[in-house]
Structure formats: structure tokens, C-alpha cells
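Engineer: Starting off with a structure, shown below.
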Amino acid sequence: MEVSAIQSSIINQKTVGKTGVLLVNLGTPDSPAVPDVRKYLREFLMDGRVIDIPLIPRSLLVNGFIAPFRAPKSAKIYKELWTETGSPLKYYGHQVEEKLQQQLGSQYVVKLAMRYQSPSIEAGLNEFQQLGLADIVVVPLFPQYASASTGSVYQKVMEIVKSWEVIPAIRFVNRFLEHPNFIEGFAQTARKYMAAHDFDFFLFSYHGLPESQIRKGDVTKTTCRFDDCCATFHALNQHCYRAQCFETTRLLVKALRIPEGKYVTSFQSRLGSDPWIKPYTDEVIKELPAKGIKSVLAFSPAFVADCLETTIEVGVEYKELFEKAGGQHWQLVESLNDSPIWIDALVDLVKTA
């Protein structure tokens, strides 16, 4: 009993007043093998905030059609993405975890988690619970809020902690598209490419969402019209994912002094036959060379770490699509990954959450 009391005292001295920081990204398969990819797809697509249809038809769709048929195709693409250090998303996530811990210091405990697969949100939160931390800051690593990403993280966290007898203060970061360091991080990389090449055009491609999800998020039921409703950013559309993406583009355009008419905002990665938010990136790309546009600098500012959607989809597949249509030079602006300016942004987000 005496040893136990001493150990308890040491633990309390080490953790009292400390803040837990949970960094949450979307997730990645544990390996590019088909079974691991299938497992990842099932967990991801069975989330009711991702495919927002009733459970039984969602289960039939995901487990009966999408996961079995898509997993082998996706596994081939993941093999292209995989490096000696594994998944870039997870590699950079751990790098950020380590560097943010160093910057924040001993009064914080930083943990990386993935909404789907490992390391899990539950494991991170349970470790915080065992440490008896004073409070927790949850940072979903999505610059723009969407129900299917940030909203899903919120829900998962609350599902886990609701059974805790003692729930500490929990603060959530909602979005960070307006953070100066987030914008400047992308701008710094872009300027290097702009100094080396005179680009005809600039493309800002964001992950797409079904139009139905955007409509569900419009509490006014009158704001979302999918025409010019995202031309300005204001109180009624500030939680709309599409509006946030257009605002991100405007902030990057201003930072890089890109002239009007020289850029476009578009949306990638659509799935299924239902309408997704437009314009579609692949359709935009096909039209560019016919307009005399031969060189494009492409951004994917919905992602803070390079992944399948940036490196492969934008960096490789869209490059091939552009060149096939008659384009000559295509360059992807890499994500923030573990850059110092991104770590500085996270420090500020945590301390001001």
C-alpha cells in the first residue's frame, strides 16, 4: 500500500494541470494489402456521417458491393503511395506528433489518432483518462469543417467519453482555414514553384461531398443554392464546407497575388451517381488546354498531409489527364506535412482553442 501511494503521488505530480492534445486525421490502411484496405474501407464507409443513409442499406452497399470490389483496385493505388516508412499520412502524423510535443513542452501530452483504423481515438483518449489530465484539446486535422470529417471526429469522441465517470473539460478545434500560418504554409511552397516556372493557371482542388450533405447542413434551408451562394463568406454559410473551400481559395489567391480569371476552385474524389458539389476537378482539367492553358500549379488545401488524394489523385492521375487533353506542365503543391510553419500553427490552435 505504501509503494502504491508513492507511485500515485509521483503520477499526480507529473500529470496534474497538464493538457492532453489529440490530433485526429482521417486514417489509412495498416498496409496496402487487399485485406487491410478492405478493412479500412468498411470502417470508413460504414460511418453514417460519410454515407448518410439508413444502417441496413448502408451495410448492404458497403459490405456487399463497395468494399469487395473497390478494395483490390484501391490496394494497387496504395502500393504506389506506400514508402519505406509506410503510409505518408501516418508517417507525417507521427512526425507532427513528436514535433508538436517538443514545441508545447512538458505541460502537454500530444497523441496522434485516426478516425478510422490505428492509432485509434479510443486508445488515445483512454491513455489521457489513465493519466488523469486536467483537460483535453481535440484537433481534427481538417482545415474546413464537414460533417463527414470533423463532425465524425466530434461524435466519436463524445461516444467514448460519455461513459466516463469523470469527464474533463474537452475543447474542440472546429476549422483553421483562416489561420495565417495554414495559408502561408501552402503559399511558401507555391512561391518556390512560381519562381521556377511561369504558370498559366492555378487550380485549387478540394475533396468533394454529396450535395445532399451540404443541404442538410443548411439550417436556413435557403442559403445553399449551388450557384453564387459561396461568392462571399458570411454568418449564414460559415459552416458550409463548400463555402469554406471557396474562402480558402480566396485567402490563398490573395497571399499569392494571383489575378482574377487565372484560377478555379473545384472538387475531386466523387463516389457514386448522386450529384456531388461542383465543379468537378476532372471535368475542369479536360477543358483547360482547349482554352490555351498549358501549365497549371495545382493545390489540394483540404489536406494537411500528403496522401492518396494529393500525391496520387492530384499529383499523378490529374497530371496524366491534363497532358492527355493537351497540357504540358502540371505541378502539385505538396501538403504542409511536418513543416515548421505548420507546427507553429498547431501550437497556436492548441493554446487558443
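Following my numbering, the numbering of the sequence shown begins with 1305 at its first residue and continues without gaps.
Every residue, glycine too, gets a C-beta built ideally from N, C-alpha and C.
Since we're looking at a predicted model, the values are computed, not measured.
Among Phe-1348, Lys-1322 and Gly-1324, whose alpha-carbon lies nearest the alpha-carbon of Leu-1330?
Structural biologist: Of the candidates Phe-1348, Lys-1322 and Gly-1324, the one whose C-alpha sits nearest the C-alpha of Leu-1330 is Phe-1348.
Engineer: Might you give, ordered along the chain, the residues of its own chain that have their beta carbon closer than 7 Å to the beta carbon of Asp-1642, omitting 5 neighbours on each side?
Structural biologist: Answer for Asp-1642: Tyr-1396, Gln-1399, Val-1400 and Lys-1403, listed in chain order.
Engineer: Is the segment 1589 to 1601 touching the segment 1622 to 1636, taking contact as three or more C-beta pairs under 8 Å?
Structural biologist: With the cut-off at 8 Å, the segment 1589 to 1601 and the segment 1622 to 1636 touch.
Engineer: Which partner residues does Phe-1603 have in the DSSP bridge list?
Structural biologist: In DSSP, Phe-1603 forms a bridge with Phe-1508.
Engineer: Compute the Euclidean distance between the alpha carbons of Ser-1335 and Phe-1530, then round it to the nearest angstrom.
Structural biologist: Their backbone Cα atoms lie some 38 Å apart in a straight line.
Engineer: Between the Cα of Asp-1532 and those of Ala-1547, Lys-1525 and Val-1523, spot the shortest distance and give me the residue it belongs to.
Structural biologist: If we check each option's Cα against that of Asp-1532, Ala-1547 comes out closest.
Engineer: Of the choices Gly-1512, Lys-1380 and Thr-1553, whose alpha-carbon is the least far from that of Ala-1337?
Structural biologist: Among Gly-1512, Lys-1380 and Thr-1553, the Cα nearest to that of Ala-1337 is on Lys-1380.
Engineer: From Cys-1528 to Ala-1559, what does the alpha carbon distance come to, in whole angstroms?
Structural biologist: The alpha-carbon atoms of Cys-1528 and Ala-1559 are separated by roughly 27 Å.
Engineer: Let me check one thing: in DSSP terms, what residues is His-1633 bridge-paired to?
Structural biologist: In DSSP, His-1633 forms a bridge with Ser-1599.
Engineer: Along the chain, where does the beta strand (DSSP E) containing Lys-1415 start, and where does it finish?
Structural biologist: Looking at the DSSP string, the run of the beta strand (DSSP E) that includes Lys-1415 is 1412 to 1420.
Engineer: Between the segment 1608 to 1626 and the segment 1364 to 1376, can you find at least three pairs of beta-carbon atoms closer than 8 Å?
Structural biologist: Segments in contact, no.
Engineer: State whether the segment 1470 to 1478 contacts the segment 1434 to 1441, with contact taken as three or more CB pairs (one from each stretch) at a distance under 8 Å.
Structural biologist: Enough Cβ pairs lie closer than 8 Å, so yes.
Engineer: Tell me, which residues are paired with Asp-1439 by DSSP?
Structural biologist: Asp-1439 pairs with Thr-1323 and Ala-1473.
Engineer: If you draw a straight line from the alpha carbon of Ser-1570 to that of Ser-1509, how long is it in whole angstroms?
Structural biologist: Whole-angstrom Cα-Cα distance: 5 Å.
Engineer: For Leu-1330, name the three-state secondary structure that DSSP assigns.
Structural biologist: In this structure, Leu-1330 counts as strand in the three-state DSSP scheme.
Engineer: What's the call for Met-1462, buried or exposed, on a 16-neighbour Cβ count within 10 Å?
Structural biologist: Met-1462 comes out exposed.
Engineer: When the Cα atoms are used, what is the spatial distance from Cys-1549 to Gly-1352?
Structural biologist: Going from the Cα of Cys-1549 to the Cα of Gly-1352 covers about 23 Å.
Engineer: Would you grab the beta carbon distance between Ser-1656 and Ser-1639 for me? Rounded to a whole angstrom, and I think it's under 8 Å.
Structural biologist: Before going further, note that residue 1656 is Thr rather than Ser in the sequence given. The Cβ separation is near 23 Å, so there is no contact.
Engineer: Out of Gly-1436, His-1538, Lys-1343 and Ile-1647, which has the shortest C-alpha to C-alpha gap to Val-1470?
Structural biologist: Nearest option by C-alpha distance: Gly-1436.
Engineer: Ordered along the chain, which non-local residues of its own chain (more than five positions away) have a Cβ less than 8 Å from that of Ile-1357?
Structural biologist: Around Ile-1357: Leu-1365.
Engineer: Excluding sequence positions up to five away, which residues of its chain have a Cβ less than 8 Å from the Cβ of Ile-1645?
Structural biologist: Asn-1485, Glu-1488, Gly-1489 and Gln-1492.
Engineer: Does the pairing of the segment 1535 to 1543 with the segment 1578 to 1597 give three or more beta-carbon distances under 8 Å?
Structural biologist: Taking 8 Å as the limit for Cβ pairs, the verdict is that the segment 1578 to 1597 does not touch the segment 1535 to 1543.
Engineer: Since Gly-1321 and Gln-1448 are thought to touch, with beta carbons under 8 Å apart, how far apart are those beta carbons, to the nearest angstrom?
Structural biologist: Incorrect: roughly 33 Å between the Cβ atoms, too far for contact.
Engineer: Would you tell me roughly how many angstroms separate the C-alpha atoms of Ser-1378 and Val-1341, rounded to the nearest one?
Structural biologist: The straight-line gap from Cα to Cα measures roughly 7 Å.
Engineer: Just the Cα atoms here: how many angstroms apart are Thr-1387 and Ala-1609?
Structural biologist: Each residue's Cα considered, the two are about 14 Å apart.
Engineer: Measuring straight from C-alpha to C-alpha, what distance separates Glu-1482 and Glu-1384?
Structural biologist: Their backbone Cα atoms lie some 33 Å apart in a straight line.
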